Each structure stands twice: as C-alpha cells, then as structure tokens.
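Remarks on the structure that follows.
There are 2 protein chains.
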Amino acid sequence: MSTAVKVSEEIHAIEGGITAPRGFLAAGVHAGIKRQKKDIAIVYSERPCSAAGMFTTNRVKAAPLLVTKERLNGGPIRAIVVNSGNANACTGERGLEDARAMASLCARALGVGEAEVLVASTGVIGVPLPMEKIAAGIDQAARALSVEGAHDAALGILTTDTRTKEVAVQCDVDGVTFRIGGMAKGSGMIHPNMATMLAFLSTDAAVAPEFLDEQLRAAVDVTFNMITVDGDTSTNDMVLILANGAEERARIEPGTPLAAAFSRALRLVCTELAKMIAADGEGATKLIEVRVRGARTERDARLVVKAVSGSSLVKTAVYGEDANWGRILCATGYSGAEFDPERTTVYLGDVKVFEHGVPVAFDEAEAKRALSGSSVTITVDLGEGEAEATGWTCDLTYDYVKINASYRT
Amino acid sequence: MSTAVKVSEEIHAIEGGITAPRGFLAAGVHAGIKRQKKDIAIVYSERPCSAAGMFTTNRVKAAPLLVTKERLNGGPIRAIVVNSGNANACTGERGLEDARAMASLCARALGVGEAEVLVASTGVIGVPLPMEKIAAGIDQAARALSVEGAHDAALGILTTDTRTKEVAVQCDVDGVTFRIGGMAKGSGMIHPNMATMLAFLSTDAAVAPEFLDEQLRAAVDVTFNMITVDGDTSTNDMVLILANGAEERARIEPGTPLAAAFSRALRLVCTELAKMIAADGEGATKLIEVRVRGARTERDARLVVKAVSGSSLVKTAVYGEDANWGRILCATGYSGAEFDPERTTVYLGDVKVFEHGVPVAFDEAEAKRALSGSSVTITVDLGEGEAEATGWTCDLTYDYVKINASYRT
Numbered sequence: 042m043s044t045a046v047k048v049s050e051e052i053h054a055i056e057g058g059i060t061a062p063r064g065f066l067a068a069g070v071h072a073g074i075k076r077q078k079k080d081i082a083i084v085y086s087e088r089p090c091s092a093a094g095m096f097t098t099n100r101v102k103a104a105p106l107l108v109t110k111e112r113l114n115g116g117p118i119r120a121i122v123v124n125s126g127n128a129n130a131c132t133g134e135r136g137l138e139d140a141r142a143m144a145s146l147c148a149r150a151l152g153v154g155e156a157e158v159l160v161a162s163t164g165v166i167g168v169p170l171p172m173e174k175i176a177a178g179i180d181q182a183a184r185a186l187s188v189e190g191a192h193d194a195a196l197g198i199l200t201t202d203t204r205t206k207e208v209a210v211q212c213d214v215d216g217v218t219f220r221i222g223g224m225a226k227g228s229g230m231i232h233p234n235m236a237t238m239l240a241f242l243s244t245d246a247a248v249a250p251e252f253l254d255e256q257l258r259a260a261v262d263v264t265f266n267m268i269t270v271d272g273d274t275s276t277n278d279m280v281l282i283l284a285n286g287a288e289e290r291a292r293i294e295p296g297t298p299l300a301a302a303f304s305r306a307l308r309l310v311c312t313e314l315a316k317m318i319a320a321d322g323e324g325a326t327k328l329i330e331v332r333v334r335g336a337r338t339e340r341d342a343r344l345v346v347k348a349v350s351g352s353s354l355v356k357t358a359v360y361g362e363d364a365n366w367g368r369i370l371c372a373t374g375y376s377g378a379e380f381d382p383e384r385t386t387v388y389l390g391d392v393k394v395f396e397h398g399v400p401v402a403f404d405e406a407e408a409k410r411a412l413s414g415s416s417v418t419i420t421v422d423l424g425e426g427e428a429e430a431t432g433w434t435c436d437l438t439y440d441y442v443k444i445n446a447s448y449r450t
Numbered sequence: 042m043s044t045a046v047k048v049s050e051e052i053h054a055i056e057g058g059i060t061a062p063r064g065f066l067a068a069g070v071h072a073g074i075k076r077q078k079k080d081i082a083i084v085y086s087e088r089p090c091s092a093a094g095m096f097t098t099n100r101v102k103a104a105p106l107l108v109t110k111e112r113l114n115g116g117p118i119r120a121i122v123v124n125s126g127n128a129n130a131c132t133g134e135r136g137l138e139d140a141r142a143m144a145s146l147c148a149r150a151l152g153v154g155e156a157e158v159l160v161a162s163t164g165v166i167g168v169p170l171p172m173e174k175i176a177a178g179i180d181q182a183a184r185a186l187s188v189e190g191a192h193d194a195a196l197g198i199l200t201t202d203t204r205t206k207e208v209a210v211q212c213d214v215d216g217v218t219f220r221i222g223g224m225a226k227g228s229g230m231i232h233p234n235m236a237t238m239l240a241f242l243s244t245d246a247a248v249a250p251e252f253l254d255e256q257l258r259a260a261v262d263v264t265f266n267m268i269t270v271d272g273d274t275s276t277n278d279m280v281l282i283l284a285n286g287a288e289e290r291a292r293i294e295p296g297t298p299l300a301a302a303f304s305r306a307l308r309l310v311c312t313e314l315a316k317m318i319a320a321d322g323e324g325a326t327k328l329i330e331v332r333v334r335g336a337r338t339e340r341d342a343r344l345v346v347k348a349v350s351g352s353s354l355v356k357t358a359v360y361g362e363d364a365n366w367g368r369i370l371c372a373t374g375y376s377g378a379e380f381d382p383e384r385t386t387v388y389l390g391d392v393k394v395f396e397h398g399v400p401v402a403f404d405e406a407e408a409k410r411a412l413s414g415s416s417v418t419i420t421v422d423l424g425e426g427e428a429e430a431t432g433w434t435c436d437l438t439y440d441y442v443k444i445n446a447s448y449r450t
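For the protein sequence lines, the chains are A and B, in the order given.
According to the working numbering, the residues represented by the first sequence are 42 to 450, in order.
According to the working numbering, the residues represented by the second sequence are 42 to 450, in order.
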C-alpha cells in the first residue's frame, strides 16, 4: 500500500490489493494494445458475486459501460475484464459488439456464463478495439490468474498513470472477519462525478446487491466524486464492486455493527484509492487536500471544495510553492456557496493566511514550508455553520501540458 | 487595431482606441506600482457622460468595484482612473478608503466632482495600495492627458498581458456619424461572467444611461461573457462605457435605425476586444473559436461552448496540434446540454472529424493544418435544432504554468 491507511481498532491495512479478499484471483498481461506495457486485466472470483457499479455522468458513454450496466441486474457476477490503451468510446454499433465480444471471450476462457462477466476499457477515444490482440490477451490472462496476480492486474488497467493504485484492509468485528481490496487508475480527465477513472473493488463479505449498491454510492460520493485533476469528466468512468461471500459468517445486513464496519472500511479503501489517483494526476508533483468547514450546508462546503480544487490558478500556485491565498479566496468567491469574506479564514497547512476579510501577516518562510512537501493541505473555514467537506486534487505543472499536448499522436 | 474588424457598409474600423470618439483624452504613466511598466491610466471626457457598467459575479468583490458601482447611479461621469499591479481586493475597510481616495485624487487633479470619477484596479490580491505612488501617478497622468494618449492608457491597465487590446469603429448612418472606442486587458483568471478582465469603452454618441446599460448588457453577454482562459472568475472584473454625446446629432433612441447601428457597432467592438483577450491568454499561442450550432436552445449551445472552451484537455490538444476530437465530444458530453452523439458532427476548421456517433476517416495532414495556424476553429453541430452560440479561448501551454506558478513572488 503506497499511502498509510488510517486504521481503527477493527480495520487493519493488509497486503494484496484486489485479491486480498478470499476467493479472488487476478492477472494482467501485455496483449499489444499498448506498445510495451500490460494492457489486459482480469479479476475473477471462485464463487458467484453480488455486484454494484457507478458510472460516468457524461452523456457520451463508452460501449463497455453500456454493456456492464445492463449486466448489473442483480444476477451473479464472476469476473471483470478490462483493457487499457483503447477506450472503446465513440465507436458506434461496432463498439457495442466488441464490448460484448470481449465479455464472451472472457466468459469462454473462464468457463462461466457470458452474462457473468463485466467489461471496462480506458485509453484513446474513437478507435475500434483490436479484437485479435484482445482475444489473445484474454486467453493469456485467464491462464495466468492467481492470488499473486493482483499487482499485474493493477498494472494492466493503467494509462498515463505513473504507478499502480492498490489498497486492501481487513476488518475484525465481534469475531467475524472480512476483507475489502481494490485497485484503480487515473490520471487525466479526472473530475467529480467519475472522471477517466476506473476503480475495482472486491470483498469476501456477503452483501445483497441492493445494499452493496447503497454502500458503494455512499462511499463514492465522498471519495471518488471529490477528486479533480483537470475538470474533464470522461466517457469511461466506472467503479465496480464484487462481493463473493467467501467469509460466510460475514453477512452484512443493514443496521448492524457489521454493516457500520463495512461502511467505514469501504469508505477508507475508496478514500485511499481516490487520494492515490489525485496524487498521480497527470504531471502532478503534489497531492492537494482541500478541507472546507464552517459551511452553512454540505452543498456549500462541496461547492467550495470543488471550486478551489478545480482552480488552475490555485493548482499552479501550489506547484510554484507560492502562498497565493488570494486565488483560494477568489475561487471560494465564484464557487456559488453562501459566504461572507469577512467571516472567512484560510489556512495553508497550519499557517493562517487570511482572516476576517483581510490577509494575516504570516511568516512567508513558514507558508512556503507548508507548500513544500509532496502533500499540501488547504483549509477554508467559512465561519457560517457546521457543515464540512473534503476533496483532493494535484498541482498543475509543465508535465500536465506535455502529457496532454500529444497524447493521441 | 491588431485584428481585423469585419466592417459593414455603415461601420468602419478607425485608428485611435479609447480616444477615437470625439471629446475623449487619455494617458498612461509609470507610478512605480509595477517595477518598470506603466501602471496608472486615466480616461477623461471633456463633457459629462452617461455611463454604464457590468461587474464580476464573484462574491468576493474588490474595493474599486464597490465604489464604482455606487457611482453608476445615473449622474454624470467625467473620468475613469485605473491602476494595474495591485487589485485592491481583500483589503478590507482600508481598501474601500483607498479606492475612494484614488477617485478623489483624480477628481481634484482634473477639476471635476468626486462622484464623477470611476475607479478600477487589477493585479495582485490582498496587498494595500501604495497610495503615495498612486497619488503621484495620478497627478502625472492628469497632466499628460491627450487624444494621442490612448495607447499609453491601454498599456497602463495591463498585467501579464503581452500586448495592448484596442479597437475603434466609426458608424455613418443616414448622414449621422458616431464612434465607439475601447481598450481592455486580460489575461489570466478569464472565464465567462467577467474574469480578470477590464474593458473600458467610449462613444461620442448621446445615449441615456438606462439604454446604455441595456445595450452594454446585450453586447457583453455574447462577447466578454463567452471567453475563457482558465476558468477562474476574478474579484475585479469590470466593463465600463462612457457616452459623452459630443456628436450632438447622434442621439441613440430605442427602436431607431441609429440604435440598431449602435448595437451592432458596440457588439463588434466588444467581440474584437474579447477575441484579443482570449488570444493573449496567459501563455497562449493560439486563439480558439468554438462555434456550436444545431442546438435545441441557446442555453444548450452556450453550455457546449463553455464546456469545450473550458476543457484543459481540448486546450492542450490544440497546443499540440493534435486532432483529438474525442476530447471535444467528451466535453460536449459533460456540458449538461441535451444532445445525442448519434446526431452530432464535429469539425476542426473545415475538416469533418466525427459524424453520426463515429469518427470520420479524415486526412490527418489536413486536420493538422486546420490546427496549425494562430487561430483555430472548432465547430460542433448538435443536429437537434436551430440555436447557436460562439465563444473564444486559447490553448493551454507550458507558459501558462510558468506564468502562474510564481505570479506573486
């Protein structure tokens, strides 16, 4: 795990990513869609799973999303097949056929029902999938499935990411144990409401599909939907969770202590993955955590988080380690939230830089220090009420421009 | 004039900027707020003017905005005083006093009433104005006022702009002549709804304040409010127009042919200034015009213009001259507009790249050519209806990051 998970007495960080929960296998292989890197991943459960998913709000939805959505109808799921390097988006009827074919090929290779396989893609838009390469890659990945394959799978879903995003936790509540694992990819087109972001989660708890869906929505709302890299919401975003019930005693029923622990653990896993995505935003050198408190409503708090974390000017100032709090206040001003600058306080790290409508005479060296690490916290206290929200973004750098000026060519 | 004004038979481009209309003088001087460049400008009318203004929608409003707004009460106006290098924003009670003092100093130097002077500032946020320097600069500028001072004034309002923005046109309708001139500054924090953008307009037509206000709103709505550089709406944006009636026969009454000509001329001046601001966006190498047609409603057309022109991914792709139409379609998808990708057509320049839900097999060299000039047009035809909208932005480059990573320090 690349960042520290804050554990409680019942939740412990463990090794293993997506295959940390019992009964899950995974693999990632190079099928030749990308030049050299792994580009096909399969996650497989030895037992039938409940599944839930959340999808991009973009009106242009990639073909694999449409196929996966129609399969999340409460029936059992056994596997997810993912390719990177090609988004299979804006590919018309052929794209839909290809997405279905991907799932069929995977189902055949695994010996499961065709409707039991979910499918996802990420990469360049508007180019048909190279189905021969994909077919060969799926066969290869199916043969390579193992508990040790989690990291390969995490590699296989990456695009411009510089590193894998993997987390796993174990929960021990009243003598019952279950695990939640996950892997994700960013790293451009990342914006609240599911950017080009794929996240796959697994658990060996037993959770009914409706409750799983409810839990997933609640967790995504305060984690993946609170990150932004560049404000662009992609056509391919997807978060999926599979629950295989391999830990038979871990039946998660609404309203129980077990459900509360499951909820906390799921949120923790999603938070860590979301932060890893923001920290690995295209060209990023710093993770920025934006905390808003003292808002009149949660909606206001979220509006300010989104405006500050979405501001190119704030993001470039953090890159330059420039304590330009004026841009933070300016973004707060156009966020649409109800507030009065006269009651607002702004902090960079622990350094108070603005209070009651005017700047504080802060120590520039101290403020610079607050901006100099690989992780920076900006806090805006609106002084209006009790509501709060937190979100994550990264700095905006030369490399963001470099990566995106010639992605396609 | 740095870009070509499209003239009609009655509207002609003329030299002279803000002092092209009769009875206006201007000056720009170096007062020492900025290290070397001019930083104080005055625009003065020999006769009392009607005036109208539009202001930032940011909830954090700089002190000079508050002062100028309260003076636009229908009473006569004689001058505008502007400083660059310091925004006088987030400066509390002292900021308000300073803004009023700036106007008073200017009124005294010009021998006009204090309430007859409007005031504007642009630059860094949260630092009190250096009032001694400003006082000396105002005296110097007042002494330097001349018809030839328009370019100096246009220089005096710049911040990170690389060039002045000046336009003037003359209208000849049924033997009546009037002129409209203008100057503006960008170039970061530029976003629909008045970004860090100042624009000052003058006319020697006679226009009642209410009608002037109406005309200004209509023109700004389709020009300055349709440009974006980085999505940040500043605390200091302001567009002001002064009408001095020096051309006594040019009385602009609602519903007349003269009013129609005034309306066209004002929109033309605002369009040219808006395009100059977008083209000179921080770090920009290209002006991008985004045209949306075939929308169901004008609101939808504007939503798509704003999403496409606000997309960092579209802007970096244009910088890289990469025909990445997928990002255009993706931005259209998250714009919030009603549309169906199956009916959408996308053009880069004249090259059709996407039609009916799938990419067109276009000539890459031709598409690259469409992106290679200093001015690029993107057209999205939604195929849904008759509504359309146009907006402007610039490409996102290394230099944007460079300029903004250390603006304050």
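Glycine residues also receive a C-beta, built at the ideal position from the N, C-alpha and C atoms.
All values reported here derive from a predicted model rather than from experimental measurement.
How would you write the range of the alpha helix (DSSP H) that residue i sits in, first residue to last?
{"i": "residue 105 of chain A", "result": "104-112"}
{"i": "residue 373 of chain A", "result": "366-375"}
{"i": "residue 143 of chain B", "result": "133-151"}
{"i": "residue 412 of chain B", "result": "Counting along the chain, residue 412 of chain B falls outside any alpha helix (DSSP H), and DSSP gives it neither H nor E."}
{"i": "residue 293 of chain A", "result": "Looking at the DSSP string, residue 293 of chain A is not in any alpha helix (DSSP H), and its letter there is neither H nor E."}
{"i": "residue 195 of chain A", "result": "191-197"}
{"i": "residue 344 of chain B", "result": "339-351"}
{"i": "residue 332 of chain B", "result": "First-last for residue 332 of chain B: 328-336, but that is the beta strand (DSSP E), not the alpha helix (DSSP H)."}
{"i": "residue 442 of chain B", "result": "439-446"}
{"i": "residue 174 of chain A", "result": "172-185"}
How would you list, in chain order, the residues of chain B whose beta-carbon sits under 8 Å from the beta-carbon of residue i?
{"i": "residue 250 of chain A", "result": "Near residue 250 of chain A there are no residues of chain B at all, since even the closest Cβ is about 28 Å away, more than 8 Å."}
{"i": "residue 382 of chain A", "result": "100, 101, 131"}
{"i": "residue 360 of chain A", "result": "442, 446"}
{"i": "residue 424 of chain A", "result": "Going along chain B, no residue has its Cβ under 8 Å from residue 424 of chain A, so there is no contact; the nearest lies around 14 Å."}
Contact defined as beta carbons within less than 8 Å: I believe residue i pairs with residue j. What is the distance between those atoms, to the nearest angstrom?
{"i": "residue 307 of chain A", "j": "residue 159 of chain A", "result": "With 8 Å as the limit, residue 307 of chain A and residue 159 of chain A do not qualify as a contact, their Cβ atoms being about 18 Å apart."}
{"i": "residue 412 of chain B", "j": "residue 348 of chain B", "result": "Not really, about 19 Å apart at Cβ, beyond 8 Å."}
{"i": "residue 106 of chain A", "j": "residue 97 of chain A", "result": "7 Å"}
Tell me whether residue i sits in a helix, a strand or coil according to DSSP, three-state version.
{"i": "residue 256 of chain B", "result": "helix"}
{"i": "residue 303 of chain B", "result": "helix"}
{"i": "residue 285 of chain A", "result": "coil"}
{"i": "residue 127 of chain A", "result": "strand"}
{"i": "residue 209 of chain A", "result": "strand"}
{"i": "residue 58 of chain B", "result": "helix"}
{"i": "residue 241 of chain B", "result": "strand"}
{"i": "residue 354 of chain A", "result": "helix"}
{"i": "residue 235 of chain B", "result": "Residue confidence is low: residue 235 of chain B scores 33 on pLDDT, short of 50, so the model does not pin down where it sits. Its coordinate-derived value is still stated next. Note: residue 235 of chain B maps to coil in three-state DSSP."}
{"i": "residue 163 of chain B", "result": "strand"}
{"i": "residue 382 of chain A", "result": "helix"}
{"i": "residue 428 of chain B", "result": "strand"}
{"i": "residue 423 of chain B", "result": "coil"}
{"i": "residue 400 of chain A", "result": "strand"}
Does the distance from the CB of residue i to the CB of residue j come in under 7 Å?
{"i": "residue 67 of chain B", "j": "residue 59 of chain B", "result": "yes"}
{"i": "residue 73 of chain A", "j": "residue 174 of chain A", "result": "yes"}
{"i": "residue 324 of chain B", "j": "residue 438 of chain B", "result": "yes"}
{"i": "residue 167 of chain B", "j": "residue 169 of chain A", "result": "no"}
{"i": "residue 83 of chain A", "j": "residue 178 of chain A", "result": "no"}
{"i": "residue 62 of chain B", "j": "residue 297 of chain B", "result": "no"}
{"i": "residue 429 of chain B", "j": "residue 334 of chain B", "result": "yes"}
{"i": "residue 328 of chain B", "j": "residue 319 of chain B", "result": "yes"}
{"i": "residue 392 of chain A", "j": "residue 408 of chain A", "result": "yes"}
Mind listing the chain A neighbours of residue i? Cutoff is C-beta to C-beta under 9 Å, in chain order.
{"i": "residue 166 of chain B", "result": "365, 366, 367, 368, 370, 371, 400"}
{"i": "residue 137 of chain B", "result": "In chain order: nothing, as chain A lies at least about 11 Å away."}
Check the Cβ of residue i against every Cβ in chain A and list those closer than 8 Å, keeping chain order.
{"i": "residue 439 of chain B", "result": "439, 442, 443"}
{"i": "residue 275 of chain B", "result": "371"}
Let me check you understand the geometry: is the CB of residue i closer than 6 Å to at least one non-hydrogen atom of the ligand GTP?
{"i": "residue 222 of chain B", "result": "Here there are no bound small molecules, and the ligand GTP is not part of this structure."}
Since residue i is in the beta strand (DSSP E), which residue starts that stretch and which ends it?
{"i": "residue 94 of chain A", "result": "81-96"}
Can you pull the chain D residues whose beta carbon is under 7 Å from the beta carbon of residue i, in chain order?
{"i": "residue 357 of chain A", "result": "This model lacks chain D altogether; the protein chains it does include are A and B."}
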